[in-house]
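First the structure, in the form of structure tokens, and then the observations on it.
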Amino acid sequence: MNTLLIVIILANVLLSYKGFNDLSFFRKYEFHVGSIRSGEQVRMLSSGFLHVDMTHLIFNMLTLWFFAPVVINLMGGFSFILIYFGSLIFGNLLTMAFHKDDYGYRAVGASGAVTGVLYSAILLQPDMMLGIFFIIPMPAYLFGILYLLYSIYGMRAKNDNIGHTAHFGGAVGGYLITLIKEPSLLVDHTLMVVLLAIPIIILFVLQKLGKL
576 MNTLLIVIIL ANVLLSYKGF NDLSFFRKYE FHVGSIRSGE QVRMLSSGFL
626 HVDMTHLIFN MLTLWFFAPV VINLMGGFSF ILIYFGSLIF GNLLTMAFHK
676 DDYGYRAVGA SGAVTGVLYS AILLQPDMML GIFFIIPMPA YLFGILYLLY
726 SIYGMRAKND NIGHTAHFGG AVGGYLITLI KEPSLLVDHT LMVVLLAIPI
776 IILFVLQKLG KL
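If you read the sequence shown in our numbering, its first letter stands for residue 576, the second for the next number, and so on.
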């Protein structure tokens with residue numbers, strides 16, 4: 576297994592564990608709109624290495640463990656790191672854009688980064704099959720489309736504590752960075768590139784119309 580992947584997982588585990596047992600540490604480095612707007616930009620990055628609880632941490636790290644090797648094997652370690660951190664930042668930037676006036680908004684988790692890696696893997700291997708709940712088989716590209724549509728629903732409904740905006744932003748980050756790094760995908764997987772772009776277009780149309 577790639578050393579870079581192991582280092583990222585260990586960083587998530589160690590910093591999250593520190594946050595589980597040290598509330599002041601957790602509050603100092605979580606994503607918090609008011610603090611970021613006052614100049615604490617480090618939170619845009621540090622919040623991605625904190626998690627709410629062990630279940631949140633394990634789910635994100637397992638997802639990363641399964642899909643990061645696809646990106647590493649096909650694009651290399653540098654591109655993997657670029658996609659991971661680029662998606663993390665992109666997810667938090669989108670969250671900031673949507674919640675900039677909610678000074679009390681808080682969030683943590685590597686979900687944006689992990690979702691970006693997942694979407695990169697889907698672009699690179701759109702014909703791979705995923706096991707939903709480890710049981711239900713589903714083509715990766717179909718899962719990608721449905722997941723982003725669900726994220727849009729969650730952003731509109733605002734009826735749970737899931738950071739749908741960060742997930743969506745991370746997916747967009749992974750999508751764009753992968754296409755920039757591997758423009759041949761526009762020719763080799765044209766249909767999949769277009770299909771995966773549909774939820775992204777829907778999001779920004781809804782935002783333009785004031786429906787979010």
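Ideal Cβ positions, reconstructed from N, Cα and C, are used throughout, including at glycine.
- No Cβ-Cβ contact shorter than 7 Å links VAL646 with PHE634.
- Three or more beta-carbon pairs separated by less than 8 Å are not found between the region 586–594 and the region 647–667, which leaves the two stretches without contact.
- By the neighbour-count criterion, in which 16 or more other beta carbons inside 10 Å mark a residue as buried, TYR678 falls on the exposed side.
- If you check the CB distance, SER622 and VAL683 come in under 7 Å.
- For PRO644, the enclosing alpha helix (DSSP H) has its first and last residue at 629–650.
- Taking a C-beta distance under 7 Å as the contact criterion, TYR722 and MET767 do not qualify as a contact pair.
- Burial check for ASN587: the Cβ neighbour count within 10 Å reaches 16 or more, so the residue is buried.
- The C-beta distance from ASN667 to ALA746 rounds to 13 Å, too long to fall under 8 Å, and the pair is not in contact.
- Annotation: ILE711 to VAL627 spans about 28 Å, alpha carbon to alpha carbon.
- Counting of Cβ neighbours within 10 angstroms places ARG618 among the buried residues, the total reaching 16 or more.
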